[in-house]
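Novice: There's a structure below that I have some questions on.
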Amino acid sequence: MYPLPEQLNYASYRMAKANYIRVLIDRAIHRELDYLVPETLAERVGVGSRIRVPFRDKSALATVVAILEHSEAQGLRPIEAVVGDAPALSEQLLELARWISVYYCCPIEAVMRSLLPQVIRRAEIGWKKQLFVLPTRKIDKEEIEKLQRRAPRQAELLEAISRLEAPVRAADLLRQTSLDNQTLRALVKRGLAEMREEAVVRDPHGDEQFIATSNLVLNAEQLLALKEITQALDSPESARPILLHGVTGSGKTEIYLQAIRAALEHGRSAIVLVPEISLTPQTVERLKGRFAEAQDAVAVLHSHLSEGERHDEWHKIHSGRARIVIGPRSAVFAPLKKLGLIVVDEEHENTYKQEEAPRYNARDVAVVRARIEKCVVVLGSATPSLESYHNGVRGKYRLATLSQRIDEKQMPLMRIVDLRQERRKEKAIAILSEKLRAAIADRLDKGEQTILFLNRRGFSTSLLCSDCGEARNCPNCSVALTFHRRVARLSCHLCGHTAAVPKKCPACGKDALIYAGFGTEKVESTVAHIFPKATVRRMDADSMTRKEAYRETLRNFRTGKIDILVGTQMIAKGLHFPNVTLVGIINADLALHLPDFRAGERTFQLLTQVAGRAGRGETPGEVFVQTYTPFSPSIQFARHHDFAGYFEQELEFRGRCDFPPFTHAVLITVRSAHEGRAKLSAETLVRRLKESFGAEFILGDATPAPLEKLQGQFRFHILIRGEAIMRLSRLVRETLDKLPFPEDVTVTIDVDPYQLL
Ligand code: ADP
Ligand code: ZN
-14 MYPLPEQLNY ASYRMAKANY IRVLIDRAIH RELDYLVPET LAERVGVGSR
36 IRVPFRDKSA LATVVAILEH SEAQGLRPIE AVVGDAPALS EQLLELARWI
86 SVYYCCPIEA VMRSLLPQVI RRAEIGWKKQ LFVLPTRKID KEEIEKLQRR
136 APRQAELLEA ISRLEAPVRA ADLLRQTSLD NQTLRALVKR GLAEMREEAV
186 VRDPHGDEQF IATSNLVLNA EQLLALKEIT QALDSPESAR PILLHGVTGS
236 GKTEIYLQAI RAALEHGRSA IVLVPEISLT PQTVERLKGR FAEAQDAVAV
286 LHSHLSEGER HDEWHKIHSG RARIVIGPRS AVFAPLKKLG LIVVDEEHEN
336 TYKQEEAPRY NARDVAVVRA RIEKCVVVLG SATPSLESYH NGVRGKYRLA
386 TLSQRIDEKQ MPLMRIVDLR QERRKEKAIA ILSEKLRAAI ADRLDKGEQT
436 ILFLNRRGFS TSLLCSDCGE ARNCPNCSVA LTFHRRVARL SCHLCGHTAA
486 VPKKCPACGK DALIYAGFGT EKVESTVAHI FPKATVRRMD ADSMTRKEAY
536 RETLRNFRTG KIDILVGTQM IAKGLHFPNV TLVGIINADL ALHLPDFRAG
586 ERTFQLLTQV AGRAGRGETP GEVFVQTYTP FSPSIQFARH HDFAGYFEQE
636 LEFRGRCDFP PFTHAVLITV RSAHEGRAKL SAETLVRRLK ESFGAEFILG
686 DATPAPLEKL QGQFRFHILI RGEAIMRLSR LVRETLDKLP FPEDVTVTID
736 VDPYQLL
């Protein structure tokens, strides 16, 4: 059990003992306000405290951002109450919030919403209370025997209670003894037993067992990498961020675990960021296992937590009980004290980027938090982002490299299948080329497993009329609807709109509809058809709607109950299955032709990561890459496991076009249900930006976004590039603040954007 809230020690906080404070109201009013602190509350208010204040004619929740000696403001009002026992945010986290607000061009109130979970901000949910039972005094045999005659059931319960060494949950005791509440109350009435209400922690992992593991003996490269980190832990003030570039299966996770151990030994705490917690169960298991001796020292944050569980986990971290936090991007804000280490696993992943305000990238926020808290930050990946690797090469980050797989395991053999030739041979677009088909058959014979990857859900990606050529498009978005066979409906992957499948073409009335393109659902059914004896399962957002389905499928795959696993990105990440010797990439071109300067980078990363799932056991792995563009650089460099070569040519391309990492990009999206107004607003904005910029930044024209219409809104893009990002962000903010936009026009600013559609 964790210490109860009232037992927590908050002595480490610097409290105000002051009369004036400056606060930030939760609602966006774009300025900070001063308040008076009544004498009675002074001891309990510090920077970062959550308080309730009078605001206009209501009361509002707010965060204290500064303690003031005096205030110039007139007619100050006193605060109403202090929420919670200790400041919710440290001064360092407040500083981080300010940085995010400026850098990402986002109101600080919105940043605060990301920093503090709603359940903590609102402070409406508290600890879960439960009734505990204990004997009031020592109870001897005679007493029980005496009761036996008159009330046998009470005697039985009293017997059980008399043996208790510590209070137990009333509910548990009654279940064990098969006795009821009434019996217990009777004993309380007799003064023999006592019931007490105590806070309990809702532990989402309470019923799971983790097998304890200990440090592995590191190989030479791992030792060097770990030494980089431990040296940094010895003098964190002067440490640079460390980029750990290690091929798939090179033992990066083992280094994280030992680095965390080292941080704990320095008396410090650690955060591990993972791209998506539900998709990285193996990383969580390994962490829980390694620190099994102190189960409650590890807090796991994820989006499936109930509000109550979130409350408890947050307090567990805030009070210092939890020393290690693992979670997705928002875990970068975990209120740990004496932070020593932040690990960002798979640092190149785009899930670190939040696609709503504040549009921060947790990897970059981690680097800034590390600078503020003077702690060590480790970014790890088999395919580092161009930005991070560039920083490594030019010495802004320290580069540590693991070039070999553990135990000299071979990198998988990559074979390219030219779909253009296949098409000539087969006269139809085959989902599985002859070669891939033969390879799967071979694995089935040997009892080895296969992963098939396709970055697209559904059965058919469009429904076309072969007569008039019309496709069924989403009425709200400029994309075709995807056919899902299991539910027999068309659906839009962007807005969720669904429609029945028409019998005839709604445009021309002819009975000439054909299905074109294919997704994972069709791959699954095709594979099952070709290999009727094999067990085939699919893993994508459609088949994994149940919370437990993902773990279940992974378990079945691990124990060999599934021969072939078909899936999307969901199976591309960090999974480790020793019996997988074959990976088929059904279509490598899907990501390559997106109108995005990172298309090549994404393709290289995806191929390398997916390929990395093969050959992690004793038998070497083989990868088939099906493509129409076999000579594109991303595919060729991935084929030869040549990160350096890929990096060089991609960097050269980015340099030629003034793209990141040589500049920072800012993407402004102007949208409205009214196309003309969106366009006009975007054009006006460009004119204003031009006036305030001068020649320092590269400013594009207002253009229709590649995805012109989304959820019924017409969208226009303005792309700006420049080196001095803080200055650029400020200028954009100022320009926007001065421009009145029509009410139905929305403008969003995305700094360092990942989504250019
Ligand atoms: P990565 O995260 O780089 O893909 P992992 O950390 O998953 O690699 O390591 C791959 C496998 O090698 C895991 O099963 C891990 O337990 C094992 N491993 C890692 N380091 C060592 C080591 N020094 N000695 C033996 N096995 C190791
Ligand atoms: Zn849609």
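-14 is the number of the first residue of the sequence shown in my numbering; add one for each residue after it. The beta carbon of each residue, even a glycine, is placed where N, CA and C say it ideally should be.
1) Name the two residues that bound the continuous alpha helix (DSSP H) containing residue 97.
2) Drop a sphere of 10 angstroms on the beta-carbon of residue 346, count the other beta-carbons inside from all chains shown, and report buried for 16 or more, exposed for fewer.
3) List the residues that DSSP assigns as beta-bridge partners of residue 450.
4) Quick one: Cα of residue 425 to Cα of residue 435, how far?
5) From residue -8 to residue 359, what does the alpha carbon distance come to, in whole angstroms?
6) May I ask you to verify whether the region 441 to 456 touches the region 467 to 477, counting CB pairs closer than 8 Å and requiring at least 3?
7) Quick check on residue 730: buried or exposed, where buried means 16 or more other Cβ atoms within 10 Å of its Cβ?
8) Touching or not, the region 374 to 392 and the region 218 to 231, by the rule of three or more beta carbon pairs under 8 Å?
9) How would you label residue 200, buried or exposed, when you count the other beta carbons within 10 angstroms and need 16 or more for buried?
10) What is the DSSP secondary structure of residue -9, reduced to helix, strand or coil?
11) Applying the 10 Å Cβ sphere with the 16-neighbour rule, what's the burial state of residue 348?
12) Report yes if the C-beta distance between residue 460 and residue 75 is below 9 Å; otherwise report no.
13) Report the partner residues of residue 607 according to the DSSP bridge assignment.
14) Can you say whether residue 572 is buried or exposed, counting buried as having 16 or more other CB atoms within 10 angstroms of its CB?
15) Beta-carbon within less than 8 Å of residue 117's beta-carbon, same chain only, minus the 5 sequence neighbours each way: which residues are those?
16) Going by DSSP in three states, residue 601 sits in which element: helix, strand or coil?
17) Just to check, is the beta-carbon of residue 696 closer than 8 Å to a non-hydrogen atom of the ligand ZN?
18) Within the continuous beta strand (DSSP E) that includes residue 114, where are the two ends?
19) Measuring straight from C-alpha to C-alpha, what distance separates residue 703 and residue 327?
20) Ordered along the chain, which non-local residues of its own chain (more than five positions away) have a Cβ less than 7 Å from that of residue 108?
21) Excluding the 5 residues flanking residue 211 on each side, which residues of the same chain have their C-beta closer than 7 Å to its C-beta?
22) Among the residues of its own chain, which have a CB less than 6 Å from the CB of residue 398, if the five just before and after it don't count?
23) For residue 196, I'd like the list of residues in its chain whose CB is within less than 8 Å of its CB, leaving aside the five on either flank, ordered along the chain.
24) Taking all protein chains shown into account, decide if residue 694 is buried (16 or more other Cβ within 10 angstroms of its Cβ) or exposed.
25) State buried or exposed for residue 166, treating a residue as buried only when at least 16 other CB atoms are found within 10 Å of its CB.
26) Return yes when at least one heavy atom of the ligand ZN lies under 8 Å from the C-beta of residue 630, else no.
27) The ligand ZN heavy atoms versus the CB of residue 203: any closer than 8 Å?
28) Which stretch, first to last residue, makes up the alpha helix (DSSP H) that contains residue 89?
29) Pull up the DSSP beta-bridge partners for residue 549, would you.
30) Looking at residue 103 and the ligand ADP, is the gap between the Cβ and the nearest heavy atom below 8 Å?
31) Along the chain, which unbroken stretches of the alpha helix (DSSP H) at least 4 residues long are found entirely within the region 44 to 86?
32) Quick one: residues in its chain with C-beta nearer than 8 Å to the C-beta of residue 44, no 5 flanking neighbours on either side, listed in chain order?
33) Got a sec: does the ligand ADP put a non-hydrogen atom nearer than 8 Å to the Cβ of residue 387?
34) Just curious, the alpha helix (DSSP H) that residue 643 is in, first and last residue?
35) Would you call residue 71 buried or exposed, if buried means 16 or more other Cβ atoms sit within 10 Å of its Cβ?
36) Counting only the same chain and skipping the five closest in sequence on each side, list residues whose C-beta sits under 7 Å from that of residue 492.
Specialist: Short version:
1) Counting from one through the sequence shown, the residue named residue 97 turns up at place 112. Here the alpha helix (DSSP H) through residue 97 covers 93 to 100.
2) For the purposes of this step, residue 346 is taken as the residue at position 361 of the sequence shown. Note on residue 346: 16 or more other CB atoms within 10 angstroms of its CB, so buried under the neighbour-count rule.
3) By one-based count along the sequence shown, residue 450 stands at place 465. 498, per the DSSP bridge assignment.
4) Locating residue 425 in the sequence shown gives position 440, where the first residue counts as 1. Locating residue 435 in the sequence shown gives position 450, where the first residue counts as 1. Looking at the backbone, the Cα of residue 425 and that of residue 435 are separated by about 7 Å.
5) To locate residue -8, count along the sequence shown from 1; it is residue 7. To locate residue 359, count along the sequence shown from 1; it is residue 374. Because residue -8 sits at a pLDDT of 35, beneath the cut-off of 50, its placement in the model cannot be relied upon, and the point is left open.
6) The region 441 to 456 makes contact with the region 467 to 477, as at least three CB pairs between them are under 8 Å.
7) As a working note, residue 730 is residue 745 in the sequence shown. With 16 or more other Cβ atoms inside 10 Å of its own Cβ, residue 730 counts as buried.
8) Contact between the region 374 to 392 and the region 218 to 231 is present: three or more C-beta pairs spanning the two stretches fall below 8 Å.
9) By one-based count along the sequence shown, residue 200 stands at place 215. Result: exposed.
10) Here residue -9 corresponds to residue number 6 of the sequence shown, with the count starting at 1. Legend: pLDDT at residue -9 = 35, less than 50; position of this residue unreliable, no value from coordinates given.
11) Numbered from 1 along the sequence shown, position 363 holds the residue referred to as residue 348. Taking a 10 Å sphere around the C-beta of residue 348, we find 16 or more other C-beta atoms and assign the residue as buried.
12) Your numbering for residue 460 matches position 475 in the sequence shown. Your numbering for residue 75 matches position 90 in the sequence shown. It is not a contact, given that the beta carbons lie outside the stated cut-off.
13) One-based indexing of the sequence shown puts residue 607 at position 622. Per DSSP, 398, 567.
14) To locate residue 572, count along the sequence shown from 1; it is residue 587. Buried, because 16 or more other Cβ atoms sit within 10 Å of the Cβ of residue 572.
15) Stepping through the sequence shown from its first residue, residue 117 is reached at position 132. Correct list, in chain order: 152, 153, 154, 155, 180, 181, 182, 183.
16) Here residue 601 refers to the residue found at position 616 when the sequence shown is read from its first residue. Residue 601 falls in the coil class under three-state DSSP.
17) Locating residue 696 in the sequence shown gives position 711, counting from the first residue. It does: the Cβ of residue 696 is within 8 Å (strictly closer) of some heavy atom of the ligand ZN.
18) By 1-based counting over the sequence shown, the position of residue 114 is 129. Element bounds for residue 114: 113 to 120.
19) Numbered from its first residue, the sequence shown carries residue 703 at position 718. Numbered from its first residue, the sequence shown carries residue 327 at position 342. Residue 703 and residue 327: Cα-Cα distance of roughly 34 Å.
20) To locate residue 108, count along the sequence shown from 1; it is residue 123. Excluding its 5 nearest sequence neighbours in each direction, residue 108 has C-beta neighbours in its own chain below 7 Å: 35, 68, 69, listed in chain order.
21) As a working note, residue 211 is residue 226 in the sequence shown. The answer, listed in chain order, is 203, 240, 243, 244.
22) Locating residue 398 in the sequence shown gives position 413, where the first residue counts as 1. Cβ neighbours of residue 398 beyond the five flanking positions: 607.
23) By 1-based counting over the sequence shown, the position of residue 196 is 211. Non-local beta-carbon contacts of residue 196 in its own chain, meaning distances under 8 Å to residues more than five positions away in sequence, involve 274, 277 in chain order.
24) Numbered from 1 along the sequence shown, position 709 holds the residue referred to as residue 694. Answer is buried; the Cβ neighbour count reaches 16.
25) Along the sequence shown, one-based indexing puts residue 166 at 181. Counting every other CB atom within 10 Å of its CB across the protein chains shown gives residue 166 a total below 16, marking it as exposed.
26) Start at 1 with the first residue of the sequence shown, and residue 630 comes out as number 645. Checking every heavy atom of the ligand ZN against the Cβ of residue 630, none is found closer than 8 Å.
27) As a working note, residue 203 is residue 218 in the sequence shown. Not so, every heavy atom of the ligand ZN lies at least 8 Å from the Cβ.
28) For the purposes of this step, residue 89 is identified with residue 104 of the sequence shown, where counting begins at 1. Following the DSSP letters along the chain, one finds residue 89 in no alpha helix (DSSP H), marked with neither H nor E.
29) Stepping through the sequence shown from its first residue, residue 549 is reached at position 564. 435, 521.
30) Walking along the sequence shown from the start, residue 103 turns up at place 118. For the ligand ADP, not one heavy atom lies less than 8 Å from the Cβ of residue 103.
31) DSSP runs (the alpha helix (DSSP H)) wholly in the region 44 to 86: none.
32) Counting from 1 along the sequence shown, the entry for residue 44 is found at position 59. For residue 44, the CB contacts under 8 Å within the same chain, skipping 5 residues up- and downstream, are 37, 38, 65 in chain order.
33) Here residue 387 refers to the residue found at position 402 when the sequence shown is read from its first residue. At least one heavy atom of the ligand ADP sits closer than 8 Å to the Cβ of residue 387.
34) On the sequence shown, position 658 is the one that residue 643 refers to. Looking at the DSSP string, residue 643 is not in any alpha helix (DSSP H), and its letter there is neither H nor E.
35) Along the sequence shown, read from residue 1 onward, the residue named residue 71 stands at position 86. By the 10 Å Cβ count, residue 71 comes out buried.
36) Here residue 492 refers to the residue found at position 507 of the sequence shown. The answer, listed in chain order, is 450, 453, 455.
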